[in-house]
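Worksheet: one structure, shown below.
In the numbering used here, the protein residues as written are 1 to 572.
In structure tokens, the structure reads:
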């Protein structure tokens, strides 16, 4: 311990001659090298011990500020970790014994022995103090270990008992609660009294075998009678241990109610997982598939072994932009859930739409451990909804938007034109000469004519424009982003030109024209209803002027500002 380094000694001595003698003795010894510091008063020694690392203290009992055993007690209180060797001129056996009892490691009388004897006493004192500290530490650790063990055993939810063939030696709190009257000690009772009568002989035999050393460890399931008298399923672990005066058995009784409930719950969930008609998929945190159910394979066509370990990207149909998936994952990370319709592709290449709900499963520390997806095939349902929606907003004969859809688009176009200071035009069309054709060739021919009219009208306008049939032989064309009347006029003339070509109805060739009324936003109305009414009024004016023409609305407010720019147009 001190090889190559000096032993740091504090000599507490008020006689200078004695201090010089001690220094000389320790300097002459061959046992070790000693570095000696001297303090003449107890107060100085206490201060020195608090400021400088020391190995041992040589303490005189007669000091200017302290006498006798009070000196020992004061220094022990100030520096309990330091070994103390009393070095005094007083030869008193009783004082020596009392010093040892107060915690000193040795008692020496000045003038007796040489330097080697003093050095040995110092080294022995240091070693004894070290052993004393280690013993105290070991005892404390043992005490704490026992306390921790007792705390763990008593706080255990399992009943723990130690028993011999004749007695119960130890029980924890959980075991006490098994007794009908927990205030009555279980010691001395036969343990098997707590076991259900049908299981008691079997468990008793196992405990006996453990005590005799025949079977050192065994685990069985049995029913245990609780303090309330009810029977509970339990797991009983019997361990052979060494007990006082011979062998004993430790018996651990673990309530299986929660485990059995959990097993039943897992069985039920597994049944639901496999039996549900909805597809279920579980991935890890990196979105790699861990498990799928039978419905997943039925809907997608992929067997479990073909999808496990891969990511759901294999199902993508390529119909969604990247932003769709970015929004999906953002919502999922923020809220833990996402729900919506996704276009995916089956193994055979068929594209279908699934209604998908994804949930993030987090662990105890809050990090995502799994994702669970549940979906079903809603392709047929969505197609049916689309057909219903289409019938609600489209003309059954021509497939064109009906009045309801026209009004919706007109509302949106007017709102957009207001926001962006733009324009639009409404063209109201009525066929010229339709009734005679319908009367002569029949309704079948009339219907076919209306379908061909719809096709020609759509060919005359852009995809962003709307052609609608609002009833009978009346049609409306909504032109968006029209900034002046000239654009509306060009569209009207194109339609009139298209109607100059005859229509083929089976083996019959017929000709039909149209009259068009034009209303421009915002000159001829700043709301949808006004625009439709005014375009309708302009159409009747075109019919009165000879049909086969178009007419701008404007007669109700005099000559409009745009009339001079459209001299060929009639004014309503």
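Glycine residues also receive a C-beta, built at the ideal position from the N, C-alpha and C atoms.
Nothing here was measured: the structure is a model prediction, and the numbers come from that model.
CA-CA distance, residue 62 to residue 12, rounds to 10 angstroms. Residue 267: member of the alpha helix (DSSP H) spanning 257-275, first to last residue. Ranked by Cα distance from residue 463, the options 473, 450 and 480 are led by 480. Closest in alpha carbon position to residue 374, among 365, 339 and 364, is 339. Residue 242 and residue 249 have their C-alpha atoms roughly 8 angstroms apart. Comparing alpha-carbon positions, the option among 427, 513 and 438 lying closest to residue 534 turns out to be 427.
Under the Cβ criterion (8 angstroms, minimum of three pairs), the stretch 481-501 counts as touching the stretch 416-433. Judged by DSSP in its simplified three-state form, residue 346 adopts coil rather than helix or strand. Here residue 254 carries a strand assignment [DSSP, helix/strand/coil]. As far as DSSP is concerned, residue 287 takes part in no beta bridge.
Looking at the DSSP output, residue 35 bridges to 8.
Runs of the beta strand (DSSP E) lying entirely within the stretch 462-522, each at least 3 residues long, are 466-471, 474-480, 503-505, 508-510 and 513-521 in chain order.
Of the candidates 211, 74, 342 and 15, the residue whose Cα lies closest to the Cα of residue 102 is 74.
By alpha-carbon distance to residue 276, the top candidate from 489, 376, 314 and 408 is 376.
Cβ atoms of residue 195 and residue 224 come within 8 angstroms of each other, at about 6 angstroms.
Distances from the alpha-carbon of residue 38 to those of 23, 29 and 308 put 23 closest.
For residue 369, the enclosing beta strand (DSSP E) stretches over residues 368-377.
The stretch 465-479 and the stretch 386-402 touch, with no fewer than 3 CB-CB distances between them shorter than 8 angstroms.
Taking a cut-off of 8 angstroms on C-beta distances, the stretch 335-349 touches the stretch 293-309, as three or more cross pairs fall below it. Cβ-Cβ separation between residue 96 and residue 25: approximately 20 angstroms, too far for a contact (criterion under 8 angstroms).
Per DSSP, residue 352 is not a residue of any alpha helix (DSSP H); the beta strand (DSSP E) it occupies stretches across 351-362.
Under the three-pair Cβ rule at 8 angstroms, the stretch 308-319 counts as touching the stretch 288-300.
Under DSSP, residue 125 takes part in no beta bridge, so it has no partner. Taken through DSSP and simplified to helix, strand or coil, residue 223 comes out as strand. Comparing C-alpha distances from residue 520 to each of 514, 166, 529 and 401 shows the shortest one belongs to 529. For residue 168, the uninterrupted beta strand (DSSP E) run begins and ends at 168-171, by DSSP. 496 is the residue among 334, 342, 496 and 137 whose C-alpha sits nearest the C-alpha of residue 515. Per DSSP, the unbroken alpha helix (DSSP H) holding residue 457 starts and ends at 443-460.
Comparing alpha carbon positions, the residue from 36, 120 and 15 closest to residue 9 is 36. Residue 214 carries a coil assignment under DSSP once its states are collapsed to helix, strand and coil. Around the beta carbon of residue 52, fewer than 16 other beta carbons sit within 10 angstroms, so the residue counts as exposed. Residue 282 sits in a strand when the DSSP states are folded into three classes. Boundaries of the alpha helix (DSSP H) around residue 300: 294-300. Taking a C-beta distance under 9 angstroms as the contact criterion, residue 215 and residue 236 do not qualify as a contact pair.
In this structure residue 457 is in contact with residue 477, their Cβ atoms being roughly 7 angstroms apart against a cut-off of 8 angstroms. Taking every protein chain shown into account, the CB of residue 412 has fewer than 16 other CB atoms within 10 angstroms, so this residue is exposed.
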